[in-house]
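Student: Structure provided below as structure tokens; questions to follow.
2 protein chains.
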Amino acid sequence: MAATETLTAERILEATEEVLRRYGPAKATVVDVARVLGVSHGSVYRHFRTKAALREAVTERWLERTIVALRPYAEAPDAADERLTGWLTALFALKRRKAGGDPELMATFQVLIGENSDVVHRHEEHLVEQIARIVEDGHREGVFAAPERDYATTARAVFDATDRFHDPAHAADWATTDIEDAFAAVISLTQRALRA
Amino acid sequence: MAATETLTAERILEATEEVLRRYGPAKATVVDVARVLGVSHGSVYRHFRTKAALREAVTERWLERTIVALRPYAEAPDAADERLTGWLTALFALKRRKAGGDPELMATFQVLIGENSDVVHRHEEHLVEQIARIVEDGHREGVFAAPERDYATTARAVFDATDRFHDPAHAADWATTDIEDAFAAVISLTQRALRA
DNA sequence: CGAATGACAGATATTGAAATCTGTCATCGG
DNA sequence: CCGATGACAGATTTCAATATCTGTCATTCG
Chain R
1 MAATETLTAE RILEATEEVL RRYGPAKATV VDVARVLGVS HGSVYRHFRT KAALREAVTE
61 RWLERTIVAL RPYAEAPDAA DERLTGWLTA LFALKRRKAG GDPELMATFQ VLIGENSDVV
121 HRHEEHLVEQ IARIVEDGHR EGVFAAPERD YATTARAVFD ATDRFHDPAH AADWATTDIE
181 DAFAAVISLT QRALRA
Chain G
1 MAATETLTAE RILEATEEVL RRYGPAKATV VDVARVLGVS HGSVYRHFRT KAALREAVTE
61 RWLERTIVAL RPYAEAPDAA DERLTGWLTA LFALKRRKAG GDPELMATFQ VLIGENSDVV
121 HRHEEHLVEQ IARIVEDGHR EGVFAAPERD YATTARAVFD ATDRFHDPAH AADWATTDIE
181 DAFAAVISLT QRALRA
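In order, the protein sequences belong to chains R and G.
Counting from 1, one number per residue, gives the positions in the first sequence under this note's numbering.
Counting from 1, one number per residue, gives the positions in the second sequence under this note's numbering.
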């Protein structure tokens, strides 16, 4: 079956995810990926120049899913302040569910993130853009005050201020009971800062 | 010389720091500490029940230094808003200087922190208390508005919101050029949120 | 012809035997 | 008597030999 399908980058990425999930980042090899696909490892190198490039592509795909999952919250028809809280809450809930539901997978993901800081950087910029749009809308609606410098800077500040609630580096803290209160307090602080 | 002085917990802690500095957290052994002090390793165990307890004590000492260094900023005679910015800036500068000046030592420190999360937790509570006092003073002075819930919660929110600028987990980002702007933006956000 | 293969060199990881370390405690010496 | 010692058992780490992996490329196969 599998042998009859053409070997695409997409199929390789799926197999790589599977292998990473099963063996973890330290033991997942290109040979393993080839084995899952029933091809020689040389064939994998036709689609990805190096193992690092393959991992980077997996990381990108993984992060892309977050962007997609959040888009509905960024484009919700609510007032900007509620939209911002909704978006931040969704981001936190998403990460928290992932971290809590499968800690090993989260650890794997964290290793990949550490290896591909430039990909992460670009991902963060996407997220900050989504925030910036909400803040800009909020100003136009009169819900938020004019930004101190510009929308991008303010959005980045909001992103940084909520860092503890979306950066996987803090995943270990997300299991504690008082994290909800801490999150609510930071959201409240942020809203106060932005409101007109 | 060394043999004539009595063996105290204090001297053992100094030797342990020395050994951690020199060999790093992975290779520093109790035997090394004893060698530096010119005693048998059994003597070290008279003062610290386990190697873990010894490392914990070093961590505590290390964190205590931050508290002491920040006290002047917490008790400065300025208005509360300036005092808060001064304190947060001092905290960031302190950590940043440490991380930038000796990255290896910082890495060592980070390992110790990871091993002793309860000590870190207590340390954070001390820092949050210092913030809480400033926020409380600010409210009394009329510089800051009444807290949403209570001083402790607000102070914790300020601490969490500035996490990216004091948590060693983010030390790698502190070398980038735009970190100053990001810091200024979060400070500005925080001040806006608190001001009356 | 173009995609897939597998042999290969150099780099990296695994393994198990040997060395070192942790923590205890009976004994020593001032 | 009381702090310091060093031998010891079990746990952990190191080291070097062995195996596996990464990335290339001449060759094969459809």
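Don't be surprised by glycine CBs; every beta carbon is placed ideally from N, CA and C.
Helix, strand or coil for R/Phe144? Go by DSSP, reduced to three states.
Tutor: Your numbering for residue 144 of chain R matches position 144 in the first sequence. R/Phe144: strand per DSSP, three-state reduction.
Student: Just mark G/Ala3 as buried or exposed, buried being the case when its beta carbon has 16 or more other beta carbons within 10 Å.
Tutor: Locating residue 3 of chain G in the second sequence gives position 3, counting from the first residue. The predicted position of G/Ala3 is uncertain, since its pLDDT is 41 and thus under 50; a value taken from the coordinates is nonetheless stated next. Of the other Cβ atoms in all chains shown, fewer than 16 fall within 10 Å of the Cβ of G/Ala3; this residue is therefore exposed.
Student: Our contact map puts R/Pro168 next to R/Phe109 with C-beta atoms below 8 Å; I'd like the distance itself, whole angstroms only.
Tutor: If you number the first sequence from 1, residue 168 of chain R lands on position 168. If you number the first sequence from 1, residue 109 of chain R lands on position 109. At roughly 7 Å, the Cβ-Cβ gap stays under 8 Å, so R/Pro168 and R/Phe109 are in contact.
Student: Would R/Val39 and R/Ile12 qualify as a contact pair, given that the criterion is a beta-carbon distance under 7 Å?
Tutor: Residue mapping note: residue 39 of chain R aligns to position 39 of the first sequence, counting from 1. Residue mapping note: residue 12 of chain R aligns to position 12 of the first sequence, counting from 1. No, the pair does not count as a contact, with Cβ atoms beyond the cut-off.
Student: Note the first and the last residue of the continuous alpha helix (DSSP H) segment covering R/Phe183.
Tutor: Here residue 183 of chain R refers to the residue found at position 183 when the first sequence is read from its first residue. Residues Ile179 to Leu194.
Student: What did DSSP end up calling G/Leu63 once you bin it into helix, strand or coil?
Tutor: Here residue 63 of chain G refers to the residue found at position 63 when the second sequence is read from its first residue. DSSP, reduced to helix, strand and coil, places G/Leu63 within a helical segment of the structure shown.
Student: Pairing CB atoms from the segment 151-161 of chain G with CB atoms from the segment 135-152 of chain R, are three or more of them under 8 Å?
Tutor: no
Student: Can you list, in chain order, the residues of its chain with a C-beta nearer than 7 Å to that of G/Val36? Leave out the 5 residues immediately preceding and following it.
Tutor: Here residue 36 of chain G corresponds to residue number 36 of the second sequence, with the count starting at 1. The answer, listed in chain order, is Ala15, Glu18 and Val19.
Student: For the putative contact between G/Leu70 and G/Trp87, defined by C-beta atoms under 8 Å, what is the C-beta separation to the nearest angstrom?
Tutor: The sequence position of residue 70 of chain G within the second sequence is 70, counting from 1. The sequence position of residue 87 of chain G within the second sequence is 87, counting from 1. Right, their Cβ atoms sit about 6 Å apart.
Student: Between R/Arg83 and chain G, is there a C-beta pair that is closer than 7 Å?
Tutor: Numbered from its first residue, the first sequence carries residue 83 of chain R at position 83. Not an interface residue.
Student: So, under 8 Å CB-CB, G/Ala157 and R/Leu189 are touching, yes? Tell me the CB distance rounded to an integer number of Å.
Tutor: Indexing the second sequence from 1 puts residue 157 of chain G at position 157. Indexing the first sequence from 1 puts residue 189 of chain R at position 189. With a Cβ gap of about 5 Å, G/Ala157 and R/Leu189 count as contacting.
Student: Going by DSSP in three states, R/Leu84 sits in which element: helix, strand or coil?
Tutor: The residue labelled residue 84 of chain R in the question sits at position 84 within the first sequence. The answer is helix: DSSP assigns R/Leu84 an H, G or I state.
Student: To be precise: take each residue of the segment 123-155 of chain R, compare its Cβ to all Cβ atoms of chain G, and keep it if any distance is under 9 Å. Which residues remain?
Tutor: Within the segment 123-155 of chain R, Ala145, Glu148, Arg149, Thr153 and Thr154 place their CB atoms closer than 9 Å to a CB of chain G, listed in sequence order.
Student: Is the distance from the Cβ of R/Ile187 to the Cβ of R/Ala155 below 7 Å?
Tutor: The sequence position of residue 187 of chain R within the first sequence is 187, counting from 1. The sequence position of residue 155 of chain R within the first sequence is 155, counting from 1. Contact: no.
Student: At the level of alpha carbons, what is the spacing between G/Thr66 and G/Trp174?
Tutor: Numbered from 1 along the second sequence, position 66 holds the residue referred to as residue 66 of chain G. Numbered from 1 along the second sequence, position 174 holds the residue referred to as residue 174 of chain G. Rounded to the nearest angstrom, the two C-alpha atoms are 18 Å apart.
Student: Mind pulling the chain R residues with CB within less than 7 Å of G/Asp160?
Tutor: What you label residue 160 of chain G is simply residue 160 of the second sequence in a count that begins at 1. Chain R residues near G/Asp160: Arg164, Ala182 and Val186.
Student: Is there contact between the segment 18-32 of chain G and the segment 125-140 of chain R, where contact requires at least three CB pairs shorter than 8 Å?
Tutor: Cβ pair count under 8 Å is below three, so no.
Student: Under a three-way DSSP split, which group does R/Arg97 fall into?
Tutor: Within the first sequence, residue 97 of chain R is the residue found at index 97, counting from 1. If DSSP states are grouped into helix, strand and coil, R/Arg97 belongs with the helices.
Student: Which word fits R/Ala172, buried or exposed, when buried means at least 16 other C-beta atoms lie within 10 angstroms of its C-beta?
Tutor: As a first step, residue 172 of chain R is located in the first sequence; it is residue number 172 there, counting from the start. So R/Ala172 ends up on the exposed side.
Student: Under DSSP, the alpha helix (DSSP H) around G/Glu17 begins and ends at which residues?
Tutor: In the second sequence, residue 17 of chain G corresponds to position 17, counting from 1. Start and end: Ala9 to Lys27.
Student: Determine, for G/Leu189, whether the minimum Cβ-Cβ distance to residues of chain R falls below 7 Å.
Tutor: In the second sequence, the residue the question calls residue 189 of chain G occupies position 189. Using a Cβ-Cβ cut-off of 7 Å, G/Leu189 counts as an interface residue toward chain R, since at least one Cβ of chain R sits closer than that to its own.
Student: Would G/Ala99 pass as a contact of G/Tyr73 if the rule is Cβ separation under 7 Å?
Tutor: Translated into the one-based positions of the second sequence, residue 99 of chain G becomes position 99. Translated into the one-based positions of the second sequence, residue 73 of chain G becomes position 73. Taking 7 Å as the Cβ cut-off, G/Ala99 and G/Tyr73 do not qualify as a contacting pair.
Student: Among G/Arg61, G/Arg49, G/Ala52 and G/Ile179, whose alpha-carbon lies nearest the alpha-carbon of G/Glu10?
Tutor: In the second sequence, the residue the question calls residue 10 of chain G occupies position 10. Looking at the Cα atoms, G/Arg61 is the closest of the given residues.
Student: Return the residue from the list R/Lys27, R/Arg192, R/Gly42 and R/Val120 that minimises the CA-CA distance to G/Ala197.
Tutor: No answer is possible for residue 197 of chain G: it lies beyond the span of chain G, which begins at 1 and ends at 196.
Student: Below 9 Å between beta carbons is the criterion; list the residues of the segment 97-113 of chain R that meet it against any residue of chain G, in chain order.
Tutor: none
Student: Could one say the Cβ of R/Arg192 lies closer than 7 Å to chain G's Cβ atoms, at least one of them?
Tutor: For the purposes of this step, residue 192 of chain R is taken as residue 192 along the first sequence, with counting starting at 1. Yes - at least one Cβ of chain G is within 7 Å of the one on R/Arg192.
Student: How would you list, in chain order, the residues of chain G whose beta-carbon sits under 8 Å from the beta-carbon of R/Ala157?
Tutor: Your numbering for residue 157 of chain R matches position 157 in the first sequence. Result: Ala182, Ala185, Val186, Ser188 and Leu189.
Student: Checking 7 Å against the spacing of the C-beta atoms, do R/Val143 and R/Asp81 come in under that value?
Tutor: Residue 143 of chain R sits at position 143 when you count from the first residue of the first sequence. Residue 81 of chain R sits at position 81 when you count from the first residue of the first sequence. Taking the C-beta atoms as reference points, R/Asp81 is found nearer than 7 Å to R/Val143.
Student: With 7 Å set as the bound, which would you pick, yes or no: does the beta-carbon of R/Ala169 sit closer than that to a beta-carbon of chain G?
Tutor: Taking the first residue of the first sequence as position 1, residue 169 of chain R is located at position 169. The Cβ of R/Ala169 sits closer than 7 Å to at least one Cβ of chain G.
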